[in-house]
Each structure stands twice: as structure tokens, then as C-alpha cells.
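**Q** First residue of the sequence shown? That's 1 in full-length UniProt numbering, and the numbers climb one at a time after it. Using N, Cα and C, we set each Cβ at its ideal position, and we do this for glycine too.
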Amino acid sequence: MSVPGEFVAKSLAIAQMELKKLFRDPTELFSRAVQPVLWLAVFGQVFSRVRGIPIGSVGYLAFMTPGILAQSVLFAAIFYGIAVIWERDLGVIHKLLVSPCPRSALVFGKAVSAGVRGLVQAAIIYLLALVMHIPLRTDPLAVLGVLSAVVLGSALFATFSLIIACIVKTRERFMGIGQVLTMPLFFASNAIYPLALMPPWLRVVAGFNPLTYLVDALRALMIAGAPASHSLVANFLVLTVVFVLFVIVAARLYPTLVE
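(1) Thinking just about the alpha-carbon of each residue, which of ILE177, ILE192, PRO255 and VAL238 is nearest to the one in TRP39?
(2) Starting from the N-terminal side, write out each stretch of the alpha helix (DSSP H) that is 4 residues or longer and does not extend beyond the region 221-255.
(3) Nearest CA to the CA of MET17: which residue from GLY153, ARG171 and LYS110?
(4) Report yes or no: do the region 85-98 and the region 114-124 share at least 3 C-beta pairs separated by less than 8 Å?
(5) Just checking my contact of ASP253 with ILE177 at CB under 8 Å: how many whole Å lie between their CB atoms?
(6) For ALA9, is the classification buried or exposed, using 16 other Cβ atoms within 10 angstroms of its Cβ as the cut-off for buried?
(7) Could you check which residue in VAL73, LEU61 and LYS20 has the C-alpha nearest to that of LEU211?
(8) Here's the rule: buried if 16 or more other CB atoms are within 10 angstroms of the residue's CB, otherwise exposed. What is THR65?
(9) Unbroken beta strand (DSSP E) runs of length 3 or more, entirely within the region 85-109: which are they?
(10) Which term fits GLN71, buried or exposed, when burial requires 16 or more other beta carbons within 10 angstroms of its beta carbon?
(11) Given that a residue counts as buried once 16 or more other Cβ atoms are within 10 Å of its Cβ, and exposed if not, what is PHE108?
(12) Using the C-alpha atoms, what's the distance from ALA114 back to GLY44?
(13) Return the residue from the list GLY59, ASP216, GLY118 and LEU96 that minimises the CA-CA distance to ILE78.
(14) Ordered along the chain, which non-local residues of its own chain (more than five positions away) have a Cβ less than 6 Å from that of CYS101?
(15) Comparing C-alpha positions only, which one of ALA206, VAL34 and LEU197 sits nearest to ALA127?
(16) Just to confirm the assignment, what range does the alpha helix (DSSP H) spanning GLY145 have?
(17) Where does GLY5 fall in DSSP's three states?
(18) Apply the 10 Å Cβ neighbour rule to THR240 and answer buried if 16 or more other Cβ atoms are within range, or exposed otherwise.
(19) Run through DSSP, which three-state label would MET17 get?
(20) Using the Cα positions of GLY145 and VAL116, report the straight-line distance between them to the nearest angstrom.
(21) Going along the chain, which residues of its own chain have a beta-carbon closer than 6 Å to the beta-carbon of VAL205, five neighbours each way excluded?
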């Protein structure tokens with residue numbers, strides 16, 4: 001088998017191992033459906049009555065639905081690293097590190113499993129939008145693009161979470177840092193308001209926030225006529241480059257978990 005083939009095979013083996021945990025206890029994913037319901041049913045209903053938000057011809061509920069999907073992806077993936085700390089404490093990491101599996105394949109496999117978890121969040125949001133009569137694009141190419149963006153975004157933020165876990169090494173510190181990061185990442189993006197409403201300094205911060213590009217890609221794919229800050233190609237390119245960089249960093253830091 002070629003080197004790329006071996007890498008893919010080993011990554012998929014790690015992803016399969018991670019997904020078995022999900023299938024044994026899927027309650028975590030369904031419990032995360034509560035937050036999108038609250039955002040769309042409460043926050044969205046209130047702010048849909050506000051006038052003057054520059055969102056073009058689309059309604060506010062439709063405008064924020066991709067942002068809530070991106071938020072769900074972020075919140076589910078950002079705490080992914082705590083499972084790695086648990087694995088370290090149980091001795092699982094030690095066994096993985098002495099296996100012939102490359103560190104990059106270990107990280108990439110975990111990222112793939114996080115991407116599959118993100119698909120459940122996408123299904124929940126689509127069902128909510130259907131129930132609430134939010135007009136979304138349902139043509140196959142658009143839906144495929146949404147699923148691709150969700151997988152990539154979930155993998156990116158899960159890998160970022162793994163980097164944090166490798167640095168802090170304890171569950172208590174990780175939970176504190178995770179909680180500190182989630183809301184700034186969310187509000188310093190275009191998830192619930194367009195970049196045009198931001199002051200200049202916050203717009204600069206949003207430009208360095210990967211969530212901004214995930215929301216922009218999802219909005220272009222999910223909502224016909226929604227305002228976009230970047231092209232679809234640019235959004236996917238930024239997300240891919242950041243993900244690859246995170247995988248490289250996480251692969252170098254991964255062995256430090258057991259030091």
C-alpha cells in the first residue's frame with residue numbers, strides 16, 4: 001500500500017474507534033439540540049422584528065440560521081479535547097503513541113470523527129428550519145456544500161481544541177479556557193449580524209476568526225440572496241489552510257500530553 005493510502009487507512013481506523021463512542025452514547029448530540037432551538041425560537045423571533053439590520057432581502061431568521069449551525073458546530077467541537085485528556089488519564093494515549101500510527105494520522109482521524117459528529121448538528125438545524133418554515137436552499141449541490149463545510153469546520157475546531165488540550169493538560173484548565181474562547185469566537189464573527197455593523201477594530205478581529213469564514217460559506221450555500229463577505233472558494237480555502245496548519249501543530253504537540 002502506498003504512503004498516502006496507509007495514512008488514510010490509519011486515519012479512518014482512528015475515526016472509526018472514535019465514532020464507536022458516539023454510537024454507544026448518542027445522548028450528548030441530541031442534548032446539544034436544545035441550544036439551537038432556543039436561539040432560533042427565542043432570539044431569532046425577537047430580532048426578526050428589529051429593522052435596520054443590513055441583511056438584504058432575506059429575513060433575519062433565514063440570515064441567522066447558518067450562523068446558528070456554525071455556532072452549534074463550534075460549541076460541539078471546541079470541547080472535543082477534553083476527551084483526549086480523559087484518554088491520557090486512562091492510559092489510552094500511551095498505547096496509541098507506541099503504535100505504528102503516525103501522529104498526524106492520529107490527529108487527522110480524530111478530526112474526521114468530529115466532522116461526522118457535525119453532520120448531526122446540520123441535520124438538527126435543517127429539521128428546525130423545516131418546522132419553522134425558514135426558506136433554505138435544498139438543491140443537492142447546495143446541501144452537499146453545506147455538509148462539506150460543516151465537516152471541515154467541525155474538524156478545524158476539534159483540532160484547535162486538541163491543541164489547547166495538549167498545552168493545558170488538565171481538565172479543569174481546559175474547561176476554563178474552552179468556556180472563555182467560545183463566546184468571543186461566536187460574537188466576533190458574522191453569525192448573528194453582518195460585518196458591516198461591526199466597528200472597524202472588531203471587523204479586523206473577525207477577519208482572523210475562522211468561524212467568520214465558516215458562517216459566510218454556510219450562508220452562501222443555505223440562503224438564496226444572502227449577503228456574503230467573501231467568495232465561496234475563498235471561504236473554503238481559508239478553512240482548509242487553517243485546518244492543515246492546526247493538524248501540523250497538533251501532531252507535534254500530541255506526544256507532550258504524556259510528558
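**A** Let me spell this out:
(1) Checking every option, the nearest Cα to that of TRP39 belongs to ILE192.
(2) The region 221-255 contains these whole alpha helix (DSSP H) runs: 232-253.
(3) Of GLY153, ARG171 and LYS110, the residue nearest in Cα terms is LYS110.
(4) Short answer: they don't touch.
(5) Inspection of the sequence shows that residue 253 is occupied by Leu rather than by Asp. 15 Å between Cβ atoms; not a contact.
(6) It is exposed - the Cβ of ALA9 has fewer than 16 other Cβ atoms within 10 Å.
(7) LEU211 has its Cα closest to that of VAL73, out of VAL73, LEU61 and LYS20.
(8) Around the beta-carbon of THR65, 16 or more other beta-carbon atoms lie within 10 Å, marking it buried.
(9) Counting whole runs of 3 or more residues, the region 85-109 contains no beta strand (DSSP E) stretch at all.
(10) By the neighbour-count criterion, in which a residue is buried when 16 or more other Cβ atoms sit within 10 angstroms of its Cβ, GLN71 is buried.
(11) With 16 or more other Cβ atoms within 10 Å, it is buried.
(12) Approximately 27 Å, taken between the alpha carbons.
(13) Nearest Cα to ILE78 within the set GLY59, ASP216, GLY118 and LEU96: GLY118.
(14) A distance below 6 Å between beta-carbons, with the five flanking residues on each side excluded, links CYS101 to the following residues of its chain, in chain order: LYS10.
(15) Here residue 127 turns out to be Leu, not Ala, going by the sequence shown. Of the candidates ALA206, VAL34 and LEU197, the one whose C-alpha sits nearest the C-alpha of LEU127 is VAL34.
(16) Taken as a continuous stretch (DSSP letters only), the alpha helix (DSSP H) holding GLY145 covers 140-168.
(17) Shown here, GLY5 sits in a helix according to DSSP, grouped into three states.
(18) So THR240 counts as exposed.
(19) It is helical.
(20) GLY145 and VAL116 have their alpha carbons spaced roughly 15 Å apart.
(21) ALA188.
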